[in-house]
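Chains as they are written, first to last, in my numbering: chain A, 997 to 1200; chain B, 12 to 303; chain C, 18 to 671.
So the structure is just underneath, and the comments pick up after that.
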Amino acid sequence: MLITELKSRETIEALLTGKVFIINCHGCKEVHFPEKEAEALQKELTGRGIVTGIMTTDYICNPENMKLRLKKHMSEIAMADMVLVFSCGVGVQTVAEYLENKKVCAACDTYPLPGYQGVTPLEHKCDQCGECFLNITGGICPLTACSKSLVNGQCGGAKAGKCEVDPDMECGWERIYRRLKQVGRLDVLKCPVQIRNYATDKEV
Amino acid sequence: MKLSEKFSRGELVVTTEVGPPKGFHVEPMVEEAKEYLSNITAVNVTDNQSSVMRLGSLATCVALKNAGLNPIYQLTCRDRNRMALESDLLSAAMFGIENILCLTGDHTKLGDHPGAKPVFDLDSVSLLYTVGQLEKGVDLGGNELVGEPPKFCKGAVVSPCSDSIDAQLAKMERKVMAGAQYFQTQAVFEPDKFIAFMDKAKQFGVPVQLGVIIPKSVGMCRYLNANVAGVHVPDELIDELKADKEKTKAGITGVEITARLIKQCLPYCQGVHIMAQGWESKVPDILKLAGL
Amino acid sequence: MENYTKYRLKEIDELAPFLAETDKIFVVACNKCFKEFETVDEPDCGEFVKLAEAQGKTVTGSVQVDFLCNKTQTEKKLKDLIPEGTKSVFVVSCGLGVQTIASMVDLPVYAAANSLNYRGHHGMALTKKSCDACAQCYLNMTGGVCPIVDCAKSLVNGQCGGAKNGKCEVDPNKDCAWEKINKRLSQQGRLGELKSQPVQLRDYSKINFKVINDYVQSIRESRFAGYYGGVHPSEKKELCENEPLLRFPESDIMVIPLSQHSGAPAKPVVQVGDYVKVGQVIGEPAAFISAYIHSSVSGKVLAIEERVHPATRGGLSVVIENDRKYVVDESVKPKGDLSTLSKEDIVNIVKEAGIAGMGGAGFPTSVKLTPGKPIEAVLLNGCECEPMLTADHKLLLHYADDVIYGLKAVMKAVEAPKGIIVIEDNKPDAVELLKSKCEAYDDIEVTVAKTKYPQGAEKMLIKRVLGRMVPSGGLPADVGAVVCNVSTVKAISDAIQKGMPLIERVVSVTGERIKKPGNYLVRIGTNVKEVIDYCGGITGGDDYIVKMGGPMMGIQLPSVDVAVIKGTNGIIAIEKDESEAVACIKCGRCVDVCPMELSPLYFAKYHDEENWQGMKDKNVMDCMECRCCEYICSSKIPLLSKIKAGKAAVRGMK
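Here's what the structure looks like:
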């Protein structure tokens, strides 16, 4: 559930060497995949006679199914000098790992998406910090709701309740304060000084 | 004085390094440096080495400079983002620091603040590039600096005995491309590997200083082998240290080994960098024994 | 399989201070995602309740919810669930679930768990992390190894000095990413490419959360447009949307199945050797839910026998030798002016014309036209939300007047004051044409719906157009609506105006493996293989499948030697998918796309456990088999066949 966007035309042109085999992954298309742009580009490349084959499929991040589906395209891949993958970074790496002797390139950039469940992007964000701060913030995440990810309260940059980074964005700590007041929990603001622990990313 | 001047005259550049204390009382360290390192071309000052928090590298450089030594300001990318690094480079220029050494830095998890946020906004290559930009009078944001731009002699490091030598050479090449004017190597205990490395590295046309660590004890060597990347102390050297415990304890064996390594490698490189690790007092002996 | 469980209960010393401050706790626990679907009863909820009670706290209740962050569903599930007197809510989930609950209830909400921290997003069916969504993909210069995720320092200009024995300085079990990169590139002879790259500086401003948030907002709106869920498969209409509508040259032998509708097969009323004419009845309804069958050609009845049925319904077919004279039966004559016909007349005409839902379901239309409830609006389904198919589109363009006439007839039959023609926005020419034609009528309007599958499903269409939800087990008439397909009302128009029963229809012959896709007016009983051959046959090897209908709801044909029937809106030849089903990883996508707001993942699990009661409890009978869940399934589980088996078993339970 990532957002993918086509790299610039010049960037993609610069990658091209000889014949190309193309893979499109539509697994996360319900979120975003630049289907039309990708199609237009591929049509043009095909017109130039440099495309040996195109496979459009889903979830190439699942290596087993990716291999099964690639099977019938192996001769087209063999004819190609490179494989151009239209997918998120996960898909490109899965293909690159499988075709490790082929030049495998990414035609897209991948952007992060709030939330990570299902195909519906969520309005909330979780940075997976591994030390949930929501208990002291009335259930509003200070890491994602505050531009600076401050965990000890509002900075001096808020103006009229808006964030200094983006005047359209509400100050996260303003929201936190309001919520705590609403639920009668302002006392939690007297909690000990919070220091983030960046070493929580143990392998899971 | 910039190291590059000395290199360009074809002179041998000898450097060593000191680690700032964990505290702000810098005097004992400065005194020791004055006593033993005054004849050295320049002295590296480490930057929170091994991710252990210490007195700042720049402040220590200033103290050494005031004491008449020629400091090399080491900068790592672990603790500061690009703005802080640029700003500190300007501060260094203001203090008249002329030599710098750009490193990526160890990961925070390896040091005494494992929970700290590892920054790595830049890395050694992009830091070198950044310095180059400042020297052109622009910062990384593309903004012009006011007045005369700073001018540094930019150094970098390389690990000639690394087990991934190709990756190291590739990185070295990128560092050269990004503006590195000299290299100091990770500690060398295997002259053959170093010579082979230099055979490939000489194509870049940038002076390389052989890095050496004085082997203090068998334990230290074992520790290096087990834990320090790109460093391997061969068994023969460990046996040599084992042979005469008293002599080793007195530091004589270590000095002999170091001097011998320098002699073996010197024809292939342009200088020596001695990492004394607290044995700064032995540096003069080493240099004498190595005939420098 | 690796467990991506998103959270872990906080330790007691972390929770104690918060528990100390409150009492009368309600517990909401998420059933987790991204882990193999082994149990429907995750233990964490019980563990936390035990822990809270050990601290002397009263737990007023607890609930375990699937995909807590799915707010639409969570709101419904939690409605009126938190008992009066509850002072705080503890949420056992990742940070997303906690925030979702916190945004819904006015009580203090606490996190009882920590989200697990791992670097990198993990795609869908992946068992390792590999993309950090940096918005500036570096894979092209690194041989497809990600320096952001794989390097502990996320270095983008080469190896640091920390690698030892090819392992990372931070974790000696982890391969040095730059070592891998160098190896991969040198293997491919591309080291030079890397060396010649300019100095790489990461641009952290590429990730602009404001832009992303706005984007997310728009995606959410489009995802929820009209009704919950649904999907947007590649339309692929371009394969034949610009092909003209042509008459298909008839087959010599017509095979007309007596079961082309839901309900009981028709009874044959002709005998072998009889001469039959176009429009002549050859089968009569055998029950209330059944339909007339007519001959589509003139000629001799060669046989009445079992033939392979396209929808594997089995049963008899009437085999007719087409004499190519097309002698029309005497019964075929105009039925008079609509204004003079009573509603009973219309229902009778529709019944006698053998008209059954032509969108594929085949429900006898005359039954639909006697709803027995007041009807507010007749919805005409011209969405054609199935990818590839353009039959209804062509029909709208060629027979707009007939469609409107048929709609009028239906409105009269069910006494509806309003008719609404719904067309998806991917058919602007049809929208424009129908809009201009409808200007003459006050009681007919055209609604343009955003393209989303399964827009054309009755319940979705009603939700989208009228904003009403057909109750579980209910019919459109329960909410005052009758839904008809545009082809069906065109057939009604023919039955009234020409007196011609349903003997032909528009069929799209398409799919990436059909050599020359096209749209044809095909007589019922025509051989599918002949149709395909006429369209140039199949391209490529034997790795294709032929479906009757569209790629989503179409039925895979047991053989191409079958007949075109009333519900045949398409004949498609498409690539066969070579994938294999793997274990469900609770990615939650099926729940997210199910327009009926069901939880298809449970259907798969319960099917495999033969837990039919569980299936029933999860409302499997509400499933309309739109196949959205199977389409989106990241584990490629054949959900539809499991659901069908489950439904059959549940029916058998009664």
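Glycine residues also receive a C-beta, built at the ideal position from the N, C-alpha and C atoms.
### Query
So does the region 212–232 of chain C actually touch the region 285–301 of chain C, counting three or more Cβ pairs closer than 8 angstroms?
no
### Task
Using 10 angstroms around the beta-carbon of Met-997 (chain A), count the other beta-carbons present and answer buried if the total reaches 16, otherwise exposed.
Because Met-997 (chain A) carries a pLDDT of 46, less than 50, the predicted location of this residue cannot be relied on, and the following value inherits that uncertainty. With at least 16 other beta carbons inside 10 angstroms of its own, Met-997 (chain A) counts as buried.
### Query
CA-CA distance, Glu-38 (chain B) and Lys-200 (chain C)?
48 angstroms
### Task
Whole angstroms is fine: what's the gap from Leu-68 (chain C)'s alpha carbon to Ile-1191 (chain A)'s?
When only Cα atoms are considered, Leu-68 (chain C) and Ile-1191 (chain A) end up about 27 angstroms apart.
### Task
List the DSSP bridge partners of Leu-262 (chain C).
C:Asn-536
### Euclidean distance between Cα positions of Asn-81 (chain B) and Pro-161 (chain B)
17 angstroms
### Task
Can you tell me which of the three DSSP states Glu-201 (chain B) falls into?
coil
### Message
Does the contact criterion of 3 or more C-beta pairs under 8 angstroms hold for the region 469–485 of chain C versus the region 238–245 of chain C?
### Response
With three or more CB-CB distances shorter than 8 angstroms, the region 469–485 of chain C counts as touching the region 238–245 of chain C.
### Task
For the region 488–505 of chain C and the region 549–565 of chain C, state whether three or more C-beta atom pairs, one from each stretch, are separated by less than 8 angstroms.
no
### Message
Closer than 8 angstroms between beta carbons: that is the criterion. Which residues of the region 171–198 of chain C meet it against chain B?
### Response
Ser-171, Leu-172, Val-173, Asn-174, Gly-175, Gln-176, Cys-177, Gly-178, Gly-179, Ala-180, Lys-181, Asn-182, Gly-183, Glu-186, Val-187, Cys-193, Trp-195, Glu-196, Ile-198
### Query
Is Ile-29 (chain C) buried or exposed, if buried means 16 or more other CB atoms sit within 10 Å of its CB?
exposed
### Message
Please list the terminal residues of the continuous alpha helix (DSSP H) segment that includes Ala-512 (chain C).
### Response
503–514
#### Entry: chain E within 8 angstroms of Leu-121 (chain B), Cβ atoms only
Among the protein chains of the structure shown, namely A, B and C, there is no chain E.
### Task
Could you list which residues in chain B have their beta carbon closer than 8 angstroms to that of Arg-1192 (chain A), in chain order?
Gly-126, Lys-128
#### Entry: Proximity to Leu-208 (chain C) [Cα-Cα], best of C:Met-158, C:Lys-254, C:Val-439, C:His-249
Ranking C:Met-158, C:Lys-254, C:Val-439, C:His-249 by CA distance to the CA of Leu-208 (chain C) puts C:Met-158 first.
### Query
Rounded to the nearest angstrom, how far is the Cβ of Phe-208 (chain B) from that of Ile-176 (chain B), given a contact under 8 angstroms?
7 angstroms
#### Entry: beta strand (DSSP E) runs contained entirely in the region 399–460 of chain C, provided each spans 3 or more residues
435–441
### Task
Measure from the C-beta of Lys-227 (chain C) to each C-beta in chain A and report whether the shortest distance is under 8 angstroms.
It does: the Cβ of Lys-227 (chain C) has a partner Cβ on chain A nearer than 8 angstroms.
### Query
Does Thr-1042 (chain A) get closer than 8 angstroms to chain C when you measure Cβ to Cβ?
With 8 angstroms as the cut-off, Thr-1042 (chain A) does not count as an interface residue toward chain C.
### 8 angstroms Cβ cutoff met for Asn-1149 (chain A) and Leu-1185 (chain A)
Looking at the sequence itself, residue 1149 (chain A) is Gly, so the reference to Asn does not match. Yes.
### Query
What are the boundary residues of the alpha helix (DSSP H) that Leu-145 (chain B) is part of?
135–146
### Query
Can you round the beta-carbon distance between Met-1075 (chain A) and Thr-1048 (chain A) to whole angstroms, since I take them to be within the 8 angstroms contact cut?
4 angstroms
### Query
Is Val-54 (chain B) closer than 8 angstroms to Thr-87 (chain B) when the C-beta atoms are compared?
Taking 8 angstroms as the cut-off, the Cβ atoms of Thr-87 (chain B) and Val-54 (chain B) do not count as close.
### Message
Pop quiz: Met-632 (chain C) and Phe-620 (chain C) are said to be a contact at Cβ under 8 angstroms. What is the actual Cβ separation, rounded to whole angstroms?
### Response
6 angstroms
### Selection from C:Pro-327, C:Pro-266, C:Glu-252 that minimises the alpha carbon distance to Gln-277 (chain C)
Considering only alpha carbons, the answer is C:Pro-327.
### Query
Would you say Lys-1015 (chain A) faces chain C, with C-beta separation under 8 angstroms as the test?
no
### Query
Within the 8 angstroms Cβ cut-off, does His-284 (chain B) reach chain C?
no
### Task
State yes or no: is the beta carbon of Arg-207 (chain C) nearer than 8 angstroms to at least one beta carbon in chain A?
Yes - at least one Cβ of chain A is within 8 angstroms of the one on Arg-207 (chain C).
### Message
On the criterion of 16 or more Cβ atoms from any shown chain inside 10 Å, does Pro-568 (chain C) qualify as buried, or is it exposed?
### Response
Around the CB of Pro-568 (chain C), 16 or more other CB atoms lie within 10 Å, so the residue is classed as buried.
### Query
Using a Cβ cut-off of 7 angstroms, which residues of the region 1058–1086 of chain A contact any Cβ in chain C, in chain order?
Asn-1058, Glu-1060, Asn-1061, Leu-1064, Arg-1065, Lys-1067, Lys-1068, Cys-1084, Gly-1085, Val-1086
### Query
Where Tyr-84 (chain B) and Met-94 (chain B) are concerned, what is the direct C-alpha to C-alpha distance, given to the nearest angstrom?
Tyr-84 (chain B) and Met-94 (chain B) have their C-alpha atoms some 17 angstroms from each other.
### Task
Inspect the CB distances between the region 606–613 of chain C and the region 648–664 of chain C and report whether three or more fall short of 8 angstroms.
yes
### Message
Quick check: Lys-444 (chain C) and His-410 (chain C), are their CB atoms within less than 8 angstroms of each other?
### Response
yes
#### Entry: Buried versus exposed call for Glu-46 (chain B) [16 or more other C-beta atoms within 10 Å across all chains shown]
Only exposed fits Glu-46 (chain B), as fewer than 16 other CB atoms lie within 10 angstroms of its CB.
#### Entry: Within 8 angstroms, strictly: CB atoms of Val-217 (chain B) and Gln-195 (chain B)
no
### Query
alpha helix (DSSP H) containing Asp-550 (chain C): first to last residue?
545–551
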